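Protein sequence lines correspond, in order, to chains Y and D.
The first sequence begins at 889 in my numbering and counts up one residue at a time.
The second sequence begins at 7 in my numbering and counts up one residue at a time.
Backbone N, C-alpha and C fix where the C-beta goes; we use that ideal spot for every residue, glycine too.
Only a predicted model underlies this, so the values are computations on that prediction, with no experimental measurement involved.
Heads up: the structure comes next, in structure tokens.
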Amino acid sequence: MSDSIAPRAAINPFTSGRWVMEAKPQNFWGRNHATWFYAMGLGGALFVWSALTGRDLGRFLGMSLAEILSLVIIGIGGLILLADLGRPLQAWRVYRRPKTSWISVGFIADVVFLASAGLLAMAELAVGDARPFAWLPWAGDGALRVLLMVVAAAAAMVVMAYPGIVMASSPAIPFWNNMLIPAQFIGFAFASAIALDLGLAALQATDLTAESSLATAGLVATGAAGLLLLLHVLNGRYGGVAAQASFRRLIAGDLRWVFLGALAVGVVAPLAVFAWLLGPGASGLPLAATVIVAAAAQVGNWLAKYAVIRAGVYPPFL
Amino acid sequence: MVIDLARCVGCYACTVACKEENGTPAGVWFAPVYEREVGTFPAVKREFLPTLCMHCEDAPCLKACPTGAISKRDDGIVLIDQETCAGTRACVAACPYGAITYVPAVETEFEAGPTPFETATAKIRPGTSHKCNFGAHRVDEGYPEPACVQACPTNCRVFGDLEDPHSNVSQLIRVRNGKQPREEAGTRPSVYYLR
């Protein structure tokens, strides 16, 4: 099935067939939305994970690597959204309906996150021995820094959740109209963030046998994400005509390899690595395997989102 | 609006009249007529389902639109403002009736390029979403009904005031037990179907 949105592909009843009353797959959201949703999830989860656990993923010019990566990833997600808009210059209007539109809520959360996390990171900037922004009132460990951290973490939670809620609040596509979508998106976001943390730790030659709490968290997050994805897909089997069509596309149709790929590289492989790290043979885990699985978790997260987005099917009109 | 399915003969006059009235580009149809074959040979018949925007009382497209491009007039007509639309397609995702079309680029029906008619009637801005406007411009100019209703040769489509209990549409709905499509979506469409 093509990912493009081409009006030419639409049926012309006078030249290329008729409009038929049947369940129809959606074709207006695809790769760009999967990438956007993935970036928002990973960026938000990295920040929240680092803030909650106090884990230091490393430093870049004196700034927290978790904060920098979150900012960059969410920034890239925002740029992808902008590029995907039909009229990017009108994007500034997207804040207008926060009471009813989750895209508005998400846009506001994106801006709040980028501003607050950006201010936090800026205060830590170090060029050589110089810290040009050390004079900022939130540069130390005072109340203002804590307040900024709380604001950024709250915004990051919204950034992580809103793509799933945008889909779940659509009454048009039964397979999407399900709160298991935001739940699985959050699960995959944390699973990816923890896998990335593990990969960075491995690259920095950290002793992974001492990272049992990281492995436990990874095991829980990845297991929960996989379970929620499976529950959501299986739930489609017991829905109406359109939800069943979505289920069939994922299990035996055009999206089966995407779905199975998401489970294999996004759930099974990371689970195996996290379980290995908790076992007696943790020290024997090759560095390359850890890094590859950390990268695979990212691919699996993206594939899971792409599969769920593409599987959306409209029910017949009557 | 009330659509009497028993009267529709599948002539597509409404589809064409709408396309002509709104000057929509290739692949964009605001009033498609869906078809379905029912029964088994030899007792087979073809059913037709004329559609359009349902102009829902609780319009999910209006709620989902983050830019405020979608609004509802006092007379219940739901409109998309092309100037404000940013092309997020949130409305397309929200509409349970598939009535909204996102137009990434305006194309012509003809390989040689747009015809003078297409050029003269092109009202669609690329990168925005579009849908049936219930002939709002015609209503404002004093015409009694939208182009699709005027063109229907069998009076399958009936246009009127749902708020007025004595209007033709209200009486048809009452007498013929008119049904709103996909009632489970909870959008309370302003279009009723009669069987």
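Check: Chain Y contact for Gly93/D (CB, 8 Å cutoff); Outcome: yes
Check: Beta-carbon gap between Val197/D and Leu58/D smaller than 8 Å; Outcome: yes
Check: Met1048/Y and Ile1069/Y closer than 8 Å at C-beta; Outcome: no
Check: Nonlocal neighbours in the same chain, by C-beta distance under 8 Å from Pro132/D, ignoring five residues either side; Outcome: Val109, Pro110, Ala111 and Val112
Check: Neighbourhood of Thr94/D by C-beta distance below 8 Å, restricted to the same chain and skipping five residues each side; Outcome: Cys71, Pro72 and Thr73
Check: Residue span of the alpha helix (DSSP H) that contains Leu970/Y, given as start and end; Outcome: Leu953 to Asp972
Check: The segment 1105-1116 of chain Y touching the segment 1074-1094 of chain Y, judged by at least three CB pairs closer than 8 Å; Outcome: yes
Check: Any C-beta of chain D under 8 Å from that of Arg896/Y; Outcome: Confidence is the limiting factor: at Arg896/Y the pLDDT is only 39, short of 50, which leaves the residue's position unreliable and the question unanswerable from this model.
Check: Boundaries (first-last residue) of the beta strand (DSSP E) holding Pro56/D; Outcome: Lys51 to Pro56
Check: Within-8 Å CB hit, Pro150/D to chain Y; Outcome: no
Check: Below-8 Å beta-carbon distance, Lys912/Y vs any chain D residue; Outcome: yes
Check: Min CB distance Leu200/D to chain Y below 8 Å; Outcome: no
Check: Contacts of Pro122/D in chain Y (Cβ-Cβ under 9 Å); Outcome: Within chain Y, no residue comes near Pro122/D; the closest Cβ sits about 20 Å away, beyond 9 Å.
Check: For Ile9/D: DSSP bridge partner residues; Outcome: Arg163/D and Tyr199/D
Check: Integer-rounded CB distance, given that His1120/Y should sit under 8 Å from Asn1065/Y; Outcome: Not really, about 11 Å apart at Cβ, beyond 8 Å.
Check: Coarse secondary structure for Thr21/D, derived from DSSP in three states; Outcome: helix
Check: Alpha carbon of Met928/Y to alpha carbon of Gly1141/Y, nearest angstrom; Outcome: 28 Å
Check: Burial state of Trp971/Y, where buried means 16 or more other Cβ atoms lie within 10 Å; Outcome: Sequence check: residue 971/Y is Ala here, not Trp. Exposed is the call here.
Check: Spatial distance of Val181/D from Val175/D (CA atoms); Outcome: 10 Å
Check: Residues that Trp907/Y contacts on chain D, provided the C-beta gap is smaller than 7 Å; Outcome: Pro38, Val39, Tyr40 and Glu41
Check: C-alpha distance - Ala1185/Y paired with Gly1169/Y, whole-angstrom precision; Outcome: 22 Å
Check: Inter-stretch contact at 8 Å, needing at least 3 Cβ pairs: the segment 7-14 of chain D / the segment 160-169 of chain D; Outcome: yes
Check: Chain-ordered neighbours of Lys69/D on chain Y, where CB pairs are closer than 9 Å; Outcome: Arg985, Lys987, Thr988, Ser989 and Ser1057
Check: Under 8 Å between C-beta atoms of Glu26/D and Trp907/Y; Outcome: no
Check: Beta-carbon gap between Leu1091/Y and Val1179/Y smaller than 8 Å; Outcome: yes
Check: Inter-residue spacing [alpha-carbon to alpha-carbon] between Arg975/Y and Ala1103/Y; Outcome: 44 Å
Check: Assumed close pair Ala99/D, Phe925/Y - CB separation to whole angstroms, cut-off 8 Å; Outcome: Wrong, their Cβ atoms sit about 13 Å apart, outside the cutoff.
Check: N-terminal and C-terminal residue of the alpha helix (DSSP H) that Ser1100/Y is part of; Outcome: Ser1100 to Arg1125
Check: At least 3 beta-carbon pairs within less than 8 Å: the segment 118-129 of chain D vs the segment 141-154 of chain D; Outcome: no
Check: Beta carbon proximity, Ser890/Y to chain D, threshold 8 Å; Outcome: Residue confidence for Ser890/Y is low, a pLDDT of 40 falling below 50, so the modelled location carries little weight; the figure read from the coordinates is stated next. So, not an interface residue.
Check: Buried/exposed call for Pro187/D, threshold 16 Cβ in 10 Å; Outcome: buried
Check: Test item: CB-CB of Ala1079/Y and Gly1052/Y under 8 Å; Outcome: no
Check: Val1108/Y versus Pro1158/Y - alpha carbon distance; Outcome: 11 Å
Check: Contact set between the segment 49-64 of chain D and chain Y, restricted to residues whose Cβ is under 9 Å from the partner; Outcome: Glu53, Leu55 and Thr57
Check: Burial state of Arg896/Y, where buried means 16 or more other Cβ atoms lie within 10 Å; Outcome: Because the pLDDT at Arg896/Y is just 39, under 50, the model does not fix this residue reliably, and the point stays unresolved.
Check: Rounded straight-line distance, which links the Cα of Asn1189/Y to that of Leu1035/Y; Outcome: 31 Å
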